[in-house]
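Residue 116 is where the sequence shown starts when you use my numbering, and the numbers rise one by one after that. As structure tokens, the structure follows; a few thoughts come after it.
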Amino acid sequence: MPEADLLSIRPTLMTSAKPAPILKSSHLLGIEGISAPEVVALLDLAETYATLNRGAEKKTALLKGRTLINLFFEASTRTQSSFELAGKRMGADVLNMSVKTSSVSKGETLIDTAATLHAMRPDILVVRHQDSGAAELLSRKLDCSVVNAGDGQHEHPTQALLDALTIRRHRGSFENLTVAICGDIAHSRVARSNIRLLSMMGAQVRLVAPRTLLPCDVERFGVKVFTDMKAGLAGCDIVMMLRLQLERMTGALVPSAREYFRFYGLDREKLSYAKPGALVMHPGPMNRGVEIASDIADDVDVSLISEQVEMGVAIRMAVLDALSRGMT
Ligand code: NCD
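Structure, rendered in structure tokens:
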């Protein structure tokens, strides 16, 4: 990026004048509850952070003096590390609470753990929990900003935002775009947040999965549903693949990984039914040879997977920036 462009971005990131608010709420709990103009403002702000992150000097001082606590009750690679990096790049003190080594493993409740952390006076608590509604519960009990980094099968708003940012960078807008979300929809908070966000922004969303991996109330989403990959992918612009979330399954919902790949795994043959030039996404972690073939995942001409990770840091910086605007 030319030096002159960077100079025009830096002052907006480092200005001392109070910038305009972006989010009405002091929390980010889900895509449900935020509006299309709020999404657009977050994506625009994230673009400036994406540019900053590609430069040599990646720091701003916007969150200097602020404390961010990452409280993760479930495994995470991308989400936790990108919130950590986002906080650090913006000058915050970042504490990663590893639940496995905390008192939670000794039986402490979510509320007691959160109350303990709260006594340390964080400004932002980023929480991932296996129960739907956990982030919302904490937002009602604590007086810091709460960001939902995934609650059960409910929502994962920053994942949907980073997916939208990645799509917008390649396709310009969401109008006239068909996005097929494929795989374990039933257990996926990523799917639920993406359905909400992409539909709100004007994209046509389709779900493609075997019956056993569709939520029983799937018609509630108001999107087209396919049980056949070729029919579901026909003519679509974006193919978003999801992992089989075995940890959330109570019984065997697919015959075997091999069988699943044969009917629902994305390979060249199935992808050939999508529009020419269709792009492939995956939130990670990927199970190669189960829901996606390696040669597609690694094909830089069709796969946006590593750009999704890059945009994850930019989106989380934008979210932290937006939340900090409402802080006293
Ligand atoms: C997703 C999650 O945790 O919901 N991962 C992520 O945040 N990138 C999807 C998954 O675990 O399959």
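Heads up, the beta-carbon is just placed ideally off N, CA and C, and yes, glycines get one too.
Same chain, Cβ closer than 7 angstroms to residue i, neighbours up to 5 away in sequence not counted
{"i": "Met316", "result": "Ala151, Val154, Ala279 and Phe289"}
{"i": "Lys345", "result": "Lys385 and Tyr388"}
{"i": "Ile226", "result": "Lys256"}
{"i": "Arg193", "result": "Gly399, Val424 and Gly427"}
{"i": "Ser123", "result": "In this prediction, Ser123 scores a pLDDT of 48, lower than 50, which makes its location untrustworthy; the coordinate-derived value is nonetheless stated afterwards. Answer for Ser123: no residue qualifies."}
Residues that residue i bridges to, as DSSP identifies them
{"i": "Cys297", "result": "Val323 and Met356"}
{"i": "Phe341", "result": "Val323"}
{"i": "Ser213", "result": "Phe187"}
{"i": "Glu374", "result": "Bridge partners of Glu374: none, in fact."}
{"i": "Thr182", "result": "Asp208"}
{"i": "Asp266", "result": "His244 and Glu270"}
{"i": "Ser418", "result": "Val395"}
Buried or exposed by the 16-neighbour rule on C-beta atoms within 10 Å, applied to residue i
{"i": "Ala171", "result": "exposed"}
{"i": "Pro455", "result": "Since the first residue shown for the chain is 116 and the last is 443, residue 455 is missing from the structure and cannot be characterised."}
{"i": "Val415", "result": "exposed"}
{"i": "Thr443", "result": "exposed"}
{"i": "Met426", "result": "buried"}
{"i": "Ser254", "result": "buried"}
{"i": "Phe198", "result": "buried"}
{"i": "Leu361", "result": "exposed"}
{"i": "Pro391", "result": "exposed"}
{"i": "Cys331", "result": "exposed"}
{"i": "Pro325", "result": "buried"}
{"i": "Asp413", "result": "exposed"}
{"i": "Ala190", "result": "exposed"}
{"i": "Phe376", "result": "buried"}
{"i": "Pro126", "result": "Bear in mind that a pLDDT of 46 at Pro126, under 50, signals an unreliable position, so the model cannot answer this."}
{"i": "Asp436", "result": "buried"}
{"i": "His285", "result": "exposed"}
{"i": "Asp246", "result": "exposed"}
Any non-hydrogen atom of the ligand NCD closer than 7 angstroms to residue i Cβ
{"i": "His244", "result": "no"}
{"i": "Val323", "result": "no"}
{"i": "Ser409", "result": "no"}
{"i": "Pro400", "result": "yes"}
{"i": "His285", "result": "no"}
{"i": "Thr194", "result": "yes"}
{"i": "Gly145", "result": "no"}
{"i": "Val305", "result": "yes"}
{"i": "Gln360", "result": "yes"}
{"i": "Ser308", "result": "no"}
{"i": "His452", "result": "In the structure as shown, the chain starts at 116 and stops at 443, and residue 452 therefore has no counterpart that could be examined."}
{"i": "Ser191", "result": "yes"}
{"i": "Gln319", "result": "no"}
{"i": "Gly248", "result": "no"}
{"i": "Gly265", "result": "yes"}
Cβ-based neighbour list, residue i, same chain, cut-off 6 angstroms, excluding 5 preceding and 5 following
{"i": "Asp318", "result": "Here residue 318 is Ala; the residue named in the question, Asp, does not match the sequence. Closer than 6 angstroms at the Cβ level, and outside the excluded window around Ala318, lie Phe289, Leu292 and Val294."}
{"i": "His244", "result": "Phe188 and Asp266"}
{"i": "Leu312", "result": "Ile146, Ala275 and Ala279"}
{"i": "Asp214", "result": "According to the sequence as given, residue 214 is Val; it is not Asp. Contacts found: Phe188."}
{"i": "Leu183", "result": "Gly202, Ala207, Val209 and Ile239"}
{"i": "Leu232", "result": "Ile184"}
{"i": "Pro237", "result": "Thr182, Ile184 and Cys259"}
{"i": "Tyr164", "result": "Ala429, Met432 and Ala433"}
Cβ shell of residue i (< 8 angstroms), same chain only, five flanking positions each side left out
{"i": "Ser409", "result": "Arg403"}
{"i": "Ile411", "result": "Leu381, Asp382, Arg383, Leu386, Val395, Val417 and Ser418"}
{"i": "Lys173", "result": "Leu167 and Arg204"}
{"i": "Arg283", "result": "Leu158 and Phe289"}
{"i": "Ala119", "result": "Confidence at Ala119 is low in this model, with a pLDDT of 46, below 50, so its placement is unreliable and the value that follows should be read with caution. Nothing listed; no residue qualifies."}
{"i": "Arg452", "result": "Past the boundaries of the shown model lies residue 452; the chain is included only from 116 to 443, so the question cannot be answered."}
{"i": "Ile407", "result": "Met356, Gly380, Leu381, Val395, His397 and Met401"}
Supposed close pair residue i, residue j - CB separation, criterion 8 angstroms
{"i": "Met432", "j": "Ala201", "result": "4 angstroms"}
{"i": "Val305", "j": "Leu357", "result": "6 angstroms"}
{"i": "Leu438", "j": "Leu158", "result": "Not really, about 16 angstroms apart at Cβ, beyond 8 angstroms."}
{"i": "His269", "j": "Gly248", "result": "7 angstroms"}
{"i": "Phe336", "j": "Ile353", "result": "17 angstroms between Cβ atoms; not a contact."}
Residue i Cβ short of 7 angstroms to the ligand ADP heavy atom set
{"i": "Lys179", "result": "With respect to small molecules bound, the structure shown includes the ligand NCD and not the ligand ADP."}
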